[in-house]
Amino acid sequence: MSAPAAPRPTLPTPSTGSAAAAAAAPGSAAVTRRRGVLDWRVRFAILSVVWGFSFLLIKVGTEAYAPFQVALGRVLFGALALMAVLLVRREPLPRGLRTWGHLTVAALLLNTAPFSLFAYAELSIPSSLAGICNATSPLWGMALSLVALSEDRPTRRRFAGLGLGFLGVLTVLGAWQGFSGVDAKGTAFALLASLCYPIGWIYVRRTLAGTPGSPVALTGGQLTVSTLQLALVSALFTSAPTSFPLWPTVSVIALGALGTGMALQMQYGLVTEVGPTTAQMVTYFIPVIATTAGVLVLGEQLHWNTPVGAAIVLAGAALTQTRTAPRKPA
Numbered sequence: 001m002s003a004p005a006a007p008r009p010t011l012p013t014p015s016t017g018s019a020a021a022a023a024a025a026p027g028s029a030a031v032t033r034r035r036g037v038l039d040w041r042v043r044f045a046i047l048s049v050v051w052g053f054s055f056l057l058i059k060v061g062t063e064a065y066a067p068f069q070v071a072l073g074r075v076l077f078g079a080l081a082l083m084a085v086l087l088v089r090r091e092p093l094p095r096g097l098r099t100w101g102h103l104t105v106a107a108l109l110l111n112t113a114p115f116s117l118f119a120y121a122e123l124s125i126p127s128s129l130a131g132i133c134n135a136t137s138p139l140w141g142m143a144l145s146l147v148a149l150s151e152d153r154p155t156r157r158r159f160a161g162l163g164l165g166f167l168g169v170l171t172v173l174g175a176w177q178g179f180s181g182v183d184a185k186g187t188a189f190a191l192l193a194s195l196c197y198p199i200g201w202i203y204v205r206r207t208l209a210g211t212p213g214s215p216v217a218l219t220g221g222q223l224t225v226s227t228l229q230l231a232l233v234s235a236l237f238t239s240a241p242t243s244f245p246l247w248p249t250v251s252v253i254a255l256g257a258l259g260t261g262m263a264l265q266m267q268y269g270l271v272t273e274v275g276p277t278t279a280q281m282v283t284y285f286i287p288v289i290a291t292t293a294g295v296l297v298l299g300e301q302l303h304w305n306t307p308v309g310a311a312i313v314l315a316g317a318a319l320t321q322t323r324t325a326p327r328k329p330a
């Protein structure tokens, strides 16, 4: 989650942080459709809500726990949820030192670093702004792929999407007002967290594509490594909590078990049933739900430039993900 240059990655949902999802090659083979118990549209809606509320849960978690501890709880309970699935299925974890070495880097780039950065960001910025910053991942991915993936040819439409997306970021931040009222450090942390995902995806596609093992096993291993990384960092830089308040604790558990564990399971099911292109559309609903949750539940202020800028960001991100259809031979 080593492979030569792979086709342009279908970007997994930014909140996923899944090496297995990033390593999957879109269009390389027909996807086997398999119907779930619930209609895929219902599961799609549930997944959108779960990932959209993740930023609210982070905000609540940081009210009682240090950011590193929130990130640790997230990967710990996510790993436990996936380990339970593997135990029921009797599936083993990945094998081989080389695979675990790559999973260690993937865990750092896709979980440990971005989860910690988002938690630190939400100490000083609203959860709605963090959710919108998260939506810039496809923009960063497009910019990086032009350099890192030689087969990913730029087009005018994708360049326009890149420019439009970052115009949306400036709109959200109120650039014409000199960014007044926006915490620069927290916003920078959130944007840096969003940048971690495409860097991790590119690394994974070049090192773990085609690695044996189910997506759940690979991601379970990745989250386990991230748990060890964050446990070490938390022990070094934070002190153990003296109390465990109810709502922050419940938020961290839900963030991991639901927002990371159950949500990944649901995403893999959607990819199997409707394909990666449709499944990744959940990305564009996350900032909408994150903003709505922040305003209605946490009472965060919403100015006109926030939803307008978010819409521009999503439009730009959608353009960067379009690909020119190959010409048919005469």
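Counting from 1, one number per residue, gives the positions in the sequence shown under full-length UniProt numbering. Beta carbons are placed, not taken as given, at the ideal position from N, Cα and C, and that holds for glycine.
| Check | Outcome |
| --- | --- |
| Top-ranked residue by Cα proximity to A190, from P126, V282, L314 and G259 | P126 |
| Check whether G269 and L82 have beta carbons under 8 Å apart | no |
| Per-residue burial, L97 [other beta carbons within 10 Å of its own, 16 or more giving buried] | exposed |
| Extent of the continuous alpha helix (DSSP H) to which N305 belongs | N305 to T320 |
| Same chain only: Cβ atoms within 8 Å of S48, ignoring 5 sequence neighbours per side | V282, F285, I286 and I289 |
| Neighbour-count burial assignment, R43, 16 or more Cβ in a 10 Å radius | buried |
| 8 Å Cβ cutoff, R158 in contact with chain B | The displayed structure is made up of one protein chain only, and chain B is not part of it. |
| Cβ neighbours of L86 in the same chain (closer than 8 Å, five flanking residues each side left out) | P92, L93, V216, A217 and G220 |
| L57 vs A231 beta-carbon contact at 8 Å | no |
| Those runs of the alpha helix (DSSP H) which lie wholly inside the UniProt domain "EamA" (45-173) and span at least 4 residues | 67-89, 97-107, 113-121, 127-134, 137-148 and 156-173 |
| At least 3 beta-carbon pairs within less than 8 Å: the segment 290-297 vs the segment 112-121 | no |
| Burial state of S18, where buried means 16 or more other Cβ atoms lie within 10 Å | buried |
| P212 to E300 span [Cα, whole Å] | 45 Å |
| Classification of P67 by the beta-carbon crowding that lies within 10 angstroms, buried from 16 upward | buried |
| N- and C-terminal bounds of the alpha helix (DSSP H) containing S194 | A184 to T207 |
| Pair within 8 Å by beta-carbon distance, T62 and V172 | no |
| Residue burial classification, R90 (beta-carbon count within 10 angstroms, cutoff 16) | exposed |
| Beta-carbon proximity of G259 to V50, cut-off 8 Å | yes |
| Separation of G141 from L195, as counted between CA atoms | 8 Å |
| T224 (DSSP reduced to helix, strand or coil) | helix |
| Assigned exposure category for E273 - 16 Cβ within 10 Å defines buried | buried |
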